[in-house]
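The opening residue of the sequence shown carries number 1 in the numbering used here; numbering runs sequentially from there.
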Amino acid sequence: MVKQAYSVETKLACIEMKKAGKSNKVIKETLGIKNNSQIYTWMKWHEQDEMHRLHQPVGKQYTYGKGMKQLSEVEQLRLQVELLKKYRSLIRNSTK
1 MVKQAYSVET KLACIEMKKA GKSNKVIKET LGIKNNSQIY TWMKWHEQDE MHRLHQPVGK
61 QYTYGKGMKQ LSEVEQLRLQ VELLKKYRSL IRNSTK
């Protein structure tokens, strides 16, 4: 079984059709969506203002922040340093 990746445009069209009162069967036939649960998931994300999740690839989660915002190399390194400092302080506190 192959995972189906839908475009952001398809996801947004699905949300708009559902808001317009279309049935899941009509939406699935029109947009080529295979499963009802996918429609429910996208609607839940829309209702919870988690629209950034529509952009993430199948099976991937974002580590920093929300959405497709890319961090510069300096910001990534700064976050890594902060993480390592926290880790080091936890190690020191646990050995005392």
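Note that CB positions come from ideal geometry on N, CA and C, so glycine has one too.
Here's the rule I'm using: 16 or more other beta-carbon atoms within 10 Å means buried, otherwise exposed. How should residue i be labelled?
i, result
"H55", "exposed"
"K11", "buried"
"Q38", "buried"
"I91", "exposed"
Helix, strand or coil: which one does DSSP assign to residue i?
i, result
"K11", "helix"
"N35", "coil"
"K22", "coil"
"Y40", "helix"
"E75", "helix"
"Y87", "helix"
"V81", "helix"
Could you tell me the distance, in whole angstroms, from the CA atom of residue i to the CA atom of residue j?
i, j, result
"I15", "Q4", "18 Å"
"L31", "E82", "45 Å"
"G59", "N36", "18 Å"
"E73", "W45", "30 Å"
"R88", "S7", "42 Å"
"T41", "K22", "16 Å"
"H52", "E75", "21 Å"
"I27", "M43", "13 Å"
"L77", "A20", "46 Å"
"K34", "P57", "17 Å"
"E50", "K86", "29 Å"
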